[in-house]
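Q:
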Amino acid sequence: MESPIGRHQRPSDQRDNPRLKQTKEIGVIDELRPEGFGFARSLTTPRPESIFLNAGRLAALATSEDCFRGAVIGMDVVRKPDGRYAATSASSLDITSKESADLLWTAAQITKHPLDELERLKAIQTSQPAAIALLVLASVKSPKLDQFVRKSNLHAPADAWMSPILSRAIHLAPAAITSSVVAPLILQDPSTALSIIKRVPNRAVIKGAWLESLWETVPDARISLIEMATSLALADHGAICALDWINRWLWLAQESDDEHFYTSHPLGLWDALEEQLKADSAAFDAIPTHWVGFSYAPEHFLERVYRYRFPALDSALIAICDLGTPNLCPSNYRARDQIDALDHTDIELAALWGTSSGNAKMDTSVSAQMLTARAAERCAAQYFRSLGLHVDDVAQLQLNGSTDEWRLMDLKVEHRYGVDVKNLRRTLNGGMHSSRWKVKAFKTDARGADVLLCGVSSPYTKLDRDGRLTCDTFEEMSVLGVTTASETRSLLNKFDHIYRLHVHSTTKLVELPAWSWDYPTAHYRARNIALRELRDWLTKSRQNSIPKKIREAFPPVLLVLCNTPAFLANSERSEQQNAFLEMLMATVPGNRGTGAERYLLRLPQLYLFVLHFWLHWRAQKKDINTSELTSLFQWGFTVSKHSPRSEDSASTAPKSSTTHASRWEPVSLAASVGIVDPTDTIGTLLQALTALETKLSQSTFLKLSDLSIFENGVLVGTFPDGKRRTLLAHCGGRDVLRNQAECGFRPLVYAREKTCACGRLICPKCECCSDPRFSDCAPQKDRLTARPSEEWVRY
Ligand SMILES: [Zn+2]
Ligand SMILES: [Zn+2]
C-alpha cells in the first residue's frame, strides 16, 4: 500500500512484527554513520528519542537524493520491544500533500500548548531551519497551520530554503518568501532563479525588474522571458514597462533569421502598453516619433494612440462618423409622435387638399395621404429648426387667406428660402428608397418652381374607425434631404467628360431618385469643420510615422475629399481603384476651386460620378471588378462610436482593450466618408454594377448605342438588334397580390432579372415591367393575370 505522504515507499517491515503499532511521522535526518545506518528526529511528535534508520531506509532515501543530514523525510515509525524507535519505511516527502499539512498541523498543536515544547520548536528553528521552512511551506495548504506559523512567528533563513528538497518547492511557498529567496538568486545564480520563477504559479510574485535583469544575464532565455513578461502584463497591465518589452521583442525580431518571427506578436504587451497610455497619457512622450514599433502595432493600439495624441483629429473623425449614425442624426423622427401632434388646424388644412372622388374608400385613402403630407411638413419644419434655422409655416396661411405664398411653398426658412415638402410614402419593397411623392390637389408637380424640395420618407398610414390617422408603432418619419427641381437635371449633364450619356427629362416631375436628396449645408456644419481639421492634420503630420500608419487606415475616398492626394499612393491598389480615385479627385468641387463649396461633395454628385466612372471603365477595359471599389470607402480600423472622454468615464466600459464593445458601424458606404446616405444608394449602386458587369462584357457594351439615363435614375440602351432594353432600374409597378400596393423593389439589373418583350426589366417581386402611370405592356398584363392567387395567402 502506498503511503500518501511518501513517493518512494519501501515495503514495510511491519510484516516482520505485526504486533508493533506504527505511526506516520515527518522527521529530519540527524545523524549518518559511516557504518551505513543513521538516525532521525521526529518533527511531528514531541518525542525526544532518536529514530533508527537502517541501511535499507537510507538506500531508499538516496535514490531521491534526500539522504543527508538535515533532510526532511516521511517515515512510518514503530517502538520496538526494547523501547527504542525505528523507521519501518522512509521516503522523500510530498510536501504539497494534504496529509503532510495535516501531520504538521497536529504536530504544531501538540507543541503549541506545553511551554517546553514551544521552546523546543524555537530550538528547532535554529538547529533545523529546514524543518521550520517545511512548516511554513505546509502552511500554504493549511489555513490552521498558517495561523499557527504566524502566531508563533516562525521564520526560516533564506538559505534553509535552498536545501535540495525545499528548493524544489520554493515556488509553492508564500509569495513574500519566494520573493525573498529569488531576489538574491537573480544576481548570484540567475539560471536557478529563472528555473524557480518559471515554476511560480502565482505570477504576482514575479517582479518586472527580475525579468529585466535576467534578460541581460540569461540571453538564451530571452524568448521565454518575453512570454513571461507578456503573461505578467496580461495579469496586471502595470506589472512591467510594456514599451521596453515591446522594444526587446523588436530587437529579437530583428536579430532573428526566422521570417515568421514577426507574426508571433506579443499581443498582451500591446494591450498592456495601451492600458498604460490610457492610465497616463504623459507616457506617450516616451514613444519615439519614428518608432519602428508602429509598423507592427495592432489596429486597436494605433487607434488608442491617435485618440490620445491627436485629440483634435479624434474629434474630427468622430464628427464625420457620427453623421452617419442614425440615432445621432437630427433627421429621424418617430412617426407616431408626428401624427399625434397634428391638431385641428392641420386636419382642416389637409381637408382642403383632398378632392372627393365620389368613392368613399378612395376618399378615406386620400384623406390619410393628405394628413400624412401635413405631418411630413411639420416634421420638415422641426428638422430645419433643429439645425438652428428660423422656419415659417407658410402652408398654414392657406386657411386665413392672408397671402398667396402657400401656392408656391409649404415652409419658408430664414425668411428667404421657400421649401416645398414632398411626402414620400415608403413602398412594399423599396423602403426609404421610395422617392415618388403624393401630390396635393392644387399642385401638379414641382417643375419650374424655384423652391427647395424637401423629401420626407413616411410610413404607410391609414384612418381608423374614428377617422384618426394611425401607423405602426415603430415606424419612423425621416427627412431624406433637400434638392431643387433642376439640380438633378443639371447634374446629369455634368459628367459628360467622363462618359457621355443621353439625358431624358420628364415633363411631369413626381419622382426623384433616392440619391438626389442630400442635406443642406447647415446639416454638415460639424462635418465640414472636421474635414478641414483632418486636412490640416494630414498636412502637418506628413513626416511622422504614427500618422503614416493611421493614414493608411483612412478610407482613400476620404483622403480625396480632404484634397490630400499625396497620401493616396499605394502600390497594392488595382488599376481600376487608382483610376477611380484619380477621376474622383478631379471631380470634387473643392479640389478644383476655392470658397464655400471647398469641401463639399453632395450625394447626387457622388452617385452620378460612380455611375459615369463605371460606364467609362466598362468601355475602356476588359478587366473590371467594381466590388473592389467598395474598399476605397472603408476604414482600416473602426472609429469608436463614443468620444474617448465618455468611454473612459463610463463605469460600464469594458476593462479589457481586446474587447471593443462600442464599435462604430457605418449605416451606409458613403457614411464612412461623411456623406449621409440613409438608404445606402452608393453601396446599392456598386452592387448593381458589379452584377451588371458580369453580364455585360466590354465587347457587348461597346455595341450598345444611345445609352440614356432618365431623371428617375433608370438606365437604358439600344442593343445591336435595334431594341431598347433597360440596364438598371427600380420597380414602378404595383403588386396585384397585395392590394395593388406600390412595389418599389430595387435594383433591377439587366440579365440578372428577365427582360420583358417590351424591353423593360421584370421585377422578381411583383412581375411588373413598367410604371402603370405611363405605359401599358401586353405581356405584363398576361403575367399578372396568370399570377397564382394562392401566393396572396403566403404573404
Ligand atoms: Zn413589358
Ligand atoms: Zn416590383
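Every number in the numbering used here is 1 more than the matching position in the sequence shown, counting from 1.
Don't be surprised by glycine CBs; every beta carbon is placed ideally from N, CA and C.
(1) Quick one: using the 10 Å Cβ neighbour count with 16 as the cut-off for buried, is residue 474 buried or exposed?
(2) Given the structure, does residue 761 come close to ligand 1, in the sense that its CB is under 8 Å from one of the ligand's heavy atoms?
(3) Specify whether the segment 349 to 368 and the segment 398 to 410 touch according to this definition: at least 3 beta carbon pairs, one from each stretch, less than 8 Å apart.
(4) List in chain order the residues whose CB is within less than 6 Å of at least one heavy atom of ligand 2.
(5) To the nearest angstrom, how far is the alpha carbon of residue 771 from that of residue 514?
(6) Within the present structure, is the beta-carbon of residue 780 separated from the nearest heavy atom of ligand 4 by less than 8 Å?
(7) Using a threshold of 8 Å, is the CB atom of residue 689 nearer than that to any non-hydrogen atom of ligand 1?
(8) With 16 as the cutoff for other CB atoms within 10 Å, does residue 224 come out buried or exposed?
(9) Assuming residue 539 contacts residue 552 (C-beta within less than 8 Å), just tell me the rounded distance between them.
(10) Looking at residue 757 and ligand 1, is the gap between the Cβ and the nearest heavy atom below 8 Å?
(11) Over what stretch of residues does the beta strand (DSSP E) that includes residue 393 continue unbroken?
(12) Considering only the beta carbon of each residue, do residue 200 and residue 230 sit closer than 9 Å?
(13) Residue 698: beta carbon under 8 Å from a heavy atom of ligand 1?
(14) Tell me which same chain residues have a C-beta within less than 6 Å of the C-beta of residue 36, skipping the five on either side of it?
(15) In the DSSP output, what is residue 74 paired with across the bridge?
(16) Please say whether residue 516 and residue 686 have beta carbons closer to each other than 9 Å?
(17) Anyone know if the C-beta pair for residue 585 and residue 610 falls short of 9 Å?
(18) Name the DSSP bridge partner or partners of residue 335?
(19) Starting from residue 374, trace the alpha helix (DSSP H) both ways and give me its first and last residue.
(20) Are residue 476 and residue 375 close, meaning C-beta to C-beta below 9 Å?
(21) Would you call the segment 88 to 100 and the segment 64 to 77 touching, i.e. three or more CB-CB distances under 8 Å?
(22) Use the C-beta contact count for residue 416: other C-beta atoms within 10 angstroms, 16 or more gives buried, fewer gives exposed.
(23) Pick from 741, 182, 156, 155: whose alpha carbon is nearest that of residue 168?
(24) Can you give me the start and stop residues for the alpha helix (DSSP H) that residue 700 sits inside?
(25) Helix, strand or coil: how does DSSP classify residue 41 here?
(26) At what residues does the alpha helix (DSSP H) containing residue 232 begin and finish?
(27) Pick from 40, 435, 289, 358: whose alpha carbon is nearest that of residue 733?
(28) When the Cα atoms are used, what is the spatial distance from residue 744 to residue 369?
(29) Taking only three categories from DSSP, how would you classify residue 415?
(30) Under a three-way DSSP split, which group does residue 488 fall into?
(31) Taking C-beta to C-beta, are residue 531 and residue 321 nearer than 9 Å?
(32) What is the residue span of the beta strand (DSSP E) that residue 149 lies within?
(33) At what residues does the beta strand (DSSP E) containing residue 503 begin and finish?
(34) Is residue 140 buried or exposed, if buried means 16 or more other CB atoms sit within 10 Å of its CB?
(35) Based on the DSSP secondary-structure assignment, which residues constitute the bridge partners of residue 424?
A: According to the data block:
(1) exposed
(2) Checking every heavy atom of ligand 1 against the Cβ of residue 761, one is found closer than 8 Å.
(3) yes
(4) 732, 734, 744, 746, 764, 766, 767, 769
(5) 16 Å
(6) Ligand 4 is not part of the structure shown, which contains ligand 1 and ligand 2 as its ligands.
(7) no
(8) exposed
(9) 7 Å
(10) Ligand 1 approaches residue 757 closely enough that one of its heavy atoms is under 8 Å from the residue's Cβ.
(11) 392 to 394
(12) no
(13) no
(14) none
(15) 28, 93
(16) yes
(17) Annotated as proximal: residue 585 and residue 610, with beta-carbon spacing under 9 Å.
(18) 477
(19) 361 to 387
(20) It is not a contact, given that the beta carbons lie outside the stated cut-off.
(21) In short, these stretches touch, since the Cβ pair count reaches three.
(22) exposed
(23) Of the listed residues, the one whose Cα sits closest to residue 168 is 182.
(24) 699 to 704
(25) strand
(26) 223 to 236
(27) 435
(28) 19 Å
(29) coil
(30) helix
(31) yes
(32) Element bounds for residue 149: not the beta strand (DSSP E) but the alpha helix (DSSP H), 144 to 152.
(33) According to the DSSP assignment, residue 503 belongs to the beta strand (DSSP E) that extends over 503 to 505.
(34) buried
(35) 457
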